[in-house]
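Engineer: The numbering of the sequence shown is the numbering used here, which starts it at 587 and goes up by one. Ideal Cβ positions, reconstructed from N, Cα and C, are used throughout, including at glycine.
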Amino acid sequence: MSIDLISRPAAHPPASELWPHLGRAVSSVSGPLATIHLPALRYNAADLLVRASGVPVRVASKSVRVRSVLDAVLSLPGYRGILAYTLPEALWLAADHDDIVLGYPTVDREALSRLANDDEAASRITLMIDDPAQLDLIDALASPGARTRIRIAIDADASWRSAVLGHIGVHRSPVHEPAEVVALARRIADRPGFDLVGLMMYEAQIAGQGDDTGVADPVIRWMQRRSAAELLERRGAIVAGVRDVVPLEFVNGGGTGSLEETASDTSVTELTAGSGLLGGHLFDGYRAFQPAPAAAFALEVVRKPRPDIVTVLGGGWIASGPPLASRQPLPVWPEGLAMFSREGAGEVQTPLRGVAARGLRIGDRVWFRHAKSGELAERVDRYLLVEDDRVEGEALTYRGEGKTFL
Numbered sequence: 587m588s589i590d591l592i593s594r595p596a597a598h599p600p601a602s603e604l605w606p607h608l609g610r611a612v613s614s615v616s617g618p619l620a621t622i623h624l625p626a627l628r629y630n631a632a633d634l635l636v637r638a639s640g641v642p643v644r645v646a647s648k649s650v651r652v653r654s655v656l657d658a659v660l661s662l663p664g665y666r667g668i669l670a671y672t673l674p675e676a677l678w679l680a681a682d683h684d685d686i687v688l689g690y691p692t693v694d695r696e697a698l699s700r701l702a703n704d705d706e707a708a709s710r711i712t713l714m715i716d717d718p719a720q721l722d723l724i725d726a727l728a729s730p731g732a733r734t735r736i737r738i739a740i741d742a743d744a745s746w747r748s749a750v751l752g753h754i755g756v757h758r759s760p761v762h763e764p765a766e767v768v769a770l771a772r773r774i775a776d777r778p779g780f781d782l783v784g785l786m787m788y789e790a791q792i793a794g795q796g797d798d799t800g801v802a803d804p805v806i807r808w809m810q811r812r813s814a815a816e817l818l819e820r821r822g823a824i825v826a827g828v829r830d831v832v833p834l835e836f837v838n839g840g841g842t843g844s845l846e847e848t849a850s851d852t853s854v855t856e857l858t859a860g861s862g863l864l865g866g867h868l869f870d871g872y873r874a875f876q877p878a879p880a881a882a883f884a885l886e887v888v889r890k891p892r893p894d895i896v897t898v899l900g901g902g903w904i905a906s907g908p909p910l911a912s913r914q915p916l917p918v919w920p921e922g923l924a925m926f927s928r929e930g931a932g933e934v935q936t937p938l939r940g941v942a943a944r945g946l947r948i949g950d951r952v953w954f955r956h957a958k959s960g961e962l963a964e965r966v967d968r969y970l971l972v973e974d975d976r977v978e979g980e981a982l983t984y985r986g987e988g989k990t991f992l
């Protein structure tokens with residue numbers, strides 16, 4: 587169904603209202619289920635635009651994985667284009683969207699062959715590269731004279747190489763220094779069959795690292811200030827150098843956690859955000875913003891081993907990343923439930939303990955939030971769309987449409 591994010595007010599409901607609303611809305615629905623609370627989604631979509639300060643926001647599809655949500659967000663002024671995560675996904679979305687940047691390099695030979703032989707898709711999709719070998723693979727599949735022209739963007743490393751702390755950030759691109767990026771830009775510009783149109787630099791150590799999570803916060807804030815200052819200078823030099831080679835259409839940066847910081851960099855022409863739309867609990871630990879928990883899931887109580895312990899069916903929906911407790915689903919309603927450290931979230935069942943368990947009966951529901959925003963969509967085929975105390979419809983996930991891209 588079509589999702590309306592414009593005509594109704596956005597709201598960040600308190601937990602004391604949100605979870606009872608959701609419970610009443612789905613009281614007649616059986617089994618494990620996932621929901622999107624539409625007022626919270628509206629709030630998050632509006633808040634991201636406020637934080638972006640007028641810089642266009644590209645939507646990261648991996649953090650959503652629901653086409654109707656992508657369409658609804660992109661209908662809002664201020665959002666522009668999709669950052670996709672696989673080429674088959676980008677080709678699928680290109681049937682309806684004309685500005686798709688692939689956020690990661692691809693070696694999917696079948697998908698590359700499809701792209702090389704589809705003029706319309708090639709005009710709508712920009713591939714990401716950080717190594718000439720990725721271009722060699724494309725040319726081996728289809729020589730420049732036998733295929734359409736391919737749009738290319740460079741992914742330059744935005745991590746901080748600290749003299750004291752070493753590598754800070756994620757390990758992505760091998761090109762880090764301005765001279766390295768400019769040299770790669772020249773090699774792309776000199777190759778037939780490719781058009782260099784964009785540059786991306788994702789500062790994960792700022793965008794993906796909360797600064798309000800515990801005793802290490804002062805160190806994290808110090809690191810982020812130093813990293814941001816270094817990146818401001820280096821990214822500016824990279825953009826200037828690449829623009830001496832080709833006129834770039836876009837310079838992409840940032841993520842949900844760094845919109846304000848990245849938007850202040852005048853060398854950046856667009857931002858990326860996605861996780862902040864659905865509000866996974868990993869994004870609770872930031873001082874600058876607090877997304878509403880728009881997406882949630884509920885599991886049913888099937889056992890009571892003890893009066894203060896309940897067991898729900900399912901729950902092992904663990905998020906990607908380091909194997910830490912922060913990657914587990916978070917039981918949020920009723921308040922006062924916690925997992926057992928020796929069991930965690932189980933594939934088939936999850937025991938929970940706490941005072942709140944005493945009031946739960948067989949068949950009652952426990953509400954959870956996933957650690958990440960998009961990965962919940964790989965566990966369900968649809969979200970129920972909730973407005974106040976009622977289900978207004980449903981939104982199929984990629985999985986519900988028969989697509990499993992990664």
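In three-state terms, what does DSSP make of residue 894?
Structural biologist: It is coil, neither helix nor strand.
Engineer: Can you confirm whether the region 898-906 touches the region 589-600 when touching is taken to mean that 3 or more C-beta pairs between the two stretches lie within less than 8 Å?
Structural biologist: No, they do not touch.
Engineer: Residue 969 lies in the alpha helix (DSSP H); which residues open and close that run?
Structural biologist: Looking at the DSSP string, residue 969 is not in any alpha helix (DSSP H); the run it does join, the beta strand (DSSP E), is 968-973.
Engineer: I need the DSSP call for residue 882, collapsed to helix, strand or coil.
Structural biologist: Strand.
Engineer: Mapping DSSP to helix, strand and coil, what is residue 858?
Structural biologist: Strand, per DSSP.
Engineer: I need the straight-line Cα distance from residue 791 to residue 840, nearest angstrom please.
Structural biologist: Spanning the two alpha carbons is a distance of roughly 10 Å.
Engineer: Pick from 617, 828, 939 and 876: whose alpha carbon is nearest that of residue 853?
Structural biologist: Ranking the options by Cα distance to residue 853, first place goes to 828.
Engineer: Around the Cβ of residue 587, are there at least 16 other Cβ atoms within 10 angstroms (buried) or fewer (exposed)?
Structural biologist: Per the 10 Å Cβ criterion, exposed.
Engineer: List in chain order: all unbroken beta strand (DSSP E) runs of 3+ residues lying wholly within the region 671-754.
Structural biologist: Here the runs fully enclosed are 686-688, 711-715, 736-741, 746-748 and 752-754.
Engineer: What's the C-alpha gap between residue 765 and residue 811?
Structural biologist: Whole-angstrom Cα-Cα distance: 24 Å.
Engineer: Measure the alpha-carbon distance for residue 949 versus residue 888 and round it to whole angstroms.
Structural biologist: Roughly 6 Å separates the two Cα atoms.
Engineer: So residue 623 is in the beta strand (DSSP E); what residue range does that whole segment cover?
Structural biologist: Here the beta strand (DSSP E) through residue 623 covers 619-623.
Engineer: Alpha helix (DSSP H) containing residue 587: first to last residue?
Structural biologist: Per DSSP, residue 587 belongs to no alpha helix (DSSP H) and is neither H nor E.
Engineer: Just verifying my parser: in three-state terms, what is the DSSP assignment at residue 991?
Structural biologist: Coil.
Engineer: Between residue 632 and residue 596, is the Cβ-Cβ spacing less than 7 Å?
Structural biologist: Cβ atoms of residue 632 and residue 596: closer than 7 Å.
Engineer: Should residue 900 go down as buried or exposed, given a rule of 16 or more other Cβ atoms within 10 Å for buried?
Structural biologist: The residue in question, residue 900, is buried, as its Cβ has 16 or more Cβ neighbours within 10 Å.
Engineer: Looking only at its chain, what residues have a beta carbon closer than 6 Å to the beta carbon of residue 893, apart from the 5 residues adjacent to it on each side?
Structural biologist: Answer for residue 893: 944, listed in chain order.
Engineer: Would you be able to state if there are at least three C-beta pairs under 8 Å between the region 746-759 and the region 693-705?
Structural biologist: No, the region 693-705 does not touch the region 746-759.
Engineer: CA-CA distance, residue 926 and residue 933?
Structural biologist: Approximately 14 Å between the Cα atoms of the pair.
Engineer: Would you list the one or two residues that DSSP bridges to residue 809?
Structural biologist: Beta-bridge pairing links residue 809 to no other residue.
Engineer: Any beta carbon of chain D sitting closer than 7 Å to that of residue 973?
Structural biologist: Absent from the structure is chain D; it holds one protein chain and no more.
Engineer: What's the gap between the Cα of residue 868 and the Cα of residue 723?
Structural biologist: Answer to the nearest angstrom: the Cα atoms are 37 Å apart.
Engineer: Compute the Euclidean distance between the alpha carbons of residue 731 and residue 721, then round it to the nearest angstrom.
Structural biologist: Rounded to the nearest angstrom, the two C-alpha atoms are 14 Å apart.
Engineer: Out of 849, 952, 871 and 759, which one is the CA nearest neighbour of residue 714?
Structural biologist: Ranking the options by Cα distance to residue 714, first place goes to 759.
Engineer: Out of 977, 984 and 989, which one is the CA nearest neighbour of residue 611?
Structural biologist: It is 977.
Engineer: In this structure, how does DSSP classify residue 770 when only helix, strand and coil are distinguished?
Structural biologist: Note: residue 770 maps to helix in three-state DSSP.
Engineer: Could you tell me if residue 678 is buried or exposed, where buried requires 16 or more neighbouring beta carbons within 10 angstroms of its beta carbon?
Structural biologist: Label assigned to residue 678: buried.
Engineer: Quick check on DSSP: helix, strand or coil for residue 605?
Structural biologist: Of the three classes helix, strand and coil, the one that applies to residue 605 here is helix, per DSSP.
Engineer: Given a threshold of 16 other Cβ atoms within 10 Å of its Cβ, counted over all protein chains shown, does residue 789 qualify as buried or as exposed?
Structural biologist: Looking at its Cβ environment, which holds 16 or more other Cβ atoms inside 10 Å, residue 789 is buried.
Engineer: Run through the DSSP bridge pairs and tell me what residue 552 is partnered with.
Structural biologist: Because the chain is modelled from 587 through 992, residue 552 falls outside the range shown and cannot be assessed.
Engineer: Distance, Cα to Cα, residue 663 vs residue 988?
Structural biologist: Using only the alpha carbons, I get a separation of about 30 Å.
Engineer: For residue 882, count the other beta carbons within 10 Å of its own beta carbon; 16 or more makes it buried, fewer makes it exposed. Which is it?
Structural biologist: Burial call: buried.
Engineer: For residue 826, does the count of other Cβ atoms within 10 angstroms reach 16, so buried, or fall short, so exposed?
Structural biologist: Looking at its Cβ environment, which holds fewer than 16 other Cβ atoms inside 10 Å, residue 826 is exposed.
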